[in-house]
Amino acid sequence: MRKLVKAVGTLMVLVGLGLVALFLIGPPGGTAGSVPTGIEAENTEAPADGTLYLTIPEIGLEDVKVYDSLSEERLDESTIHLPETGFPWQPGANTYIAGHRMGYYGTGSFLVFFRLNELGRGDEIILEDAAGGRYAYRVTESLVVGPEDTSVLEPVPGQSTVSLQTCTLPDYSDRLVVRGELVA
Numbered sequence: 006m007r008k009l010v011k012a013v014g015t016l017m018v019l020v021g022l023g024l025v026a027l028f029l030i031g032p033p034g035g036t037a038g039s040v041p042t043g044i045e046a047e048n049t050e051a052p053a054d055g056t057l058y059l060t061i062p063e064i065g066l067e068d069v070k071v072y073d074s075l076s077e078e079r080l081d082e083s084t085i086h087l088p089e090t091g092f093p094w095q096p097g098a099n100t101y102i103a104g105h106r107m108g109y110y111g112t113g114s115f116l117v118f119f120r121l122n123e124l125g126r127g128d129e130i131i132l133e134d135a136a137g138g139r140y141a142y143r144v145t146e147s148l149v150v151g152p153e154d155t156s157v158l159e160p161v162p163g164q165s166t167v168s169l170q171t172c173t174l175p176d177y178s179d180r181l182v183v184r185g186e187l188v189a
């Protein structure tokens, strides 16, 4: 029962963040959606499939599936990209990805972001899209924020970023966000 309450709480936070983001930036447009930024973002050709694959060599993650979804079911399977945030092929976007710290044994969510706190400045985060596009990021910062803090969803002016979110330990009360800047 306790796991169910935590899972529902996590989903509610993610849905709430998504709704706030939708209110702040508006509904997505085109195939990849649009994200307002401090710089004029040009939408490049987006893959028809919004699925991404995440690799973080420093903590042993390789080709982790990232669903473009707010579904609790998808979050329990692996990691999710918040659809209201940008994609890596959009200059100036903040590609926001959430995953469980502990997850569920036997699924792609199990311990997927357990070691996220070990990442430090300069560590590599790689995203690949379904069409084979590759986007390399370097970690620039780690933040701990409250579950209601939606400022971490916003793009960073003048940068293309990826933000990875999980819960803090031991009580899951806050959110750890590791952010990286696009380098290639």
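Residues are numbered in the numbering used here as their position in the sequence shown, beginning at 1, plus a constant of 5.
Glycine included, each C-beta is placed from N, C-alpha and C at the ideal position.
Query: Please state whether the Cβ-Cβ distance between Arg184 and Thr145 is less than 9 angstroms.; Result: yes
Query: Please tell me whether Val117 and Leu148 are closer than 9 angstroms, where the distance is taken between their beta carbons.; Result: no
Query: Could you give the DSSP three-state label for Asp134: helix, strand or coil?; Result: strand
Query: Ignore the nearest five residues each way along the sequence and tell me which others in Gly127's own chain have a CB closer than 8 angstroms to its CB.; Result: Arg143 and Val144
Query: Where does the unbroken alpha helix (DSSP H) through Arg79 begin, and where does it stop?; Result: Glu77 to Glu82
Query: To the nearest angstrom, how far is the alpha carbon of Thr100 from that of Thr166?; Result: 6 angstroms
Query: Alpha carbon to alpha carbon, what distance is there between Val182 and Tyr109?; Result: 21 angstroms
Query: Just to confirm, is the Cβ distance from Leu169 to Ile102 under 9 angstroms?; Result: yes
Query: Considering Cα atoms alone, identify which of Pro62, Glu63, Pro88 and Asp81 is closest to Asp73.; Result: Pro88
Query: Identify every residue that forms a DSSP beta bridge with Glu129.; Result: Arg143
Query: With Ala141 and Val188 assumed to form a contact (beta carbons below 8 angstroms), what rounded beta-carbon distance in angstroms separates them?; Result: 5 angstroms
Query: Can you name the residues that DSSP bridges to Leu158?; Result: Bridge partners of Leu158: none, in fact.
Query: Would you identify the three-state DSSP class for Leu121, choosing helix, strand or coil?; Result: helix
Query: Consult DSSP for Glu63 and reduce its assignment to one of helix, strand or coil.; Result: helix
Query: Give the C-beta separation of Pro160 and Ala98 to the nearest angstrom, bearing in mind that I take them to be a contact with Cβ-Cβ under 8 angstroms.; Result: 6 angstroms
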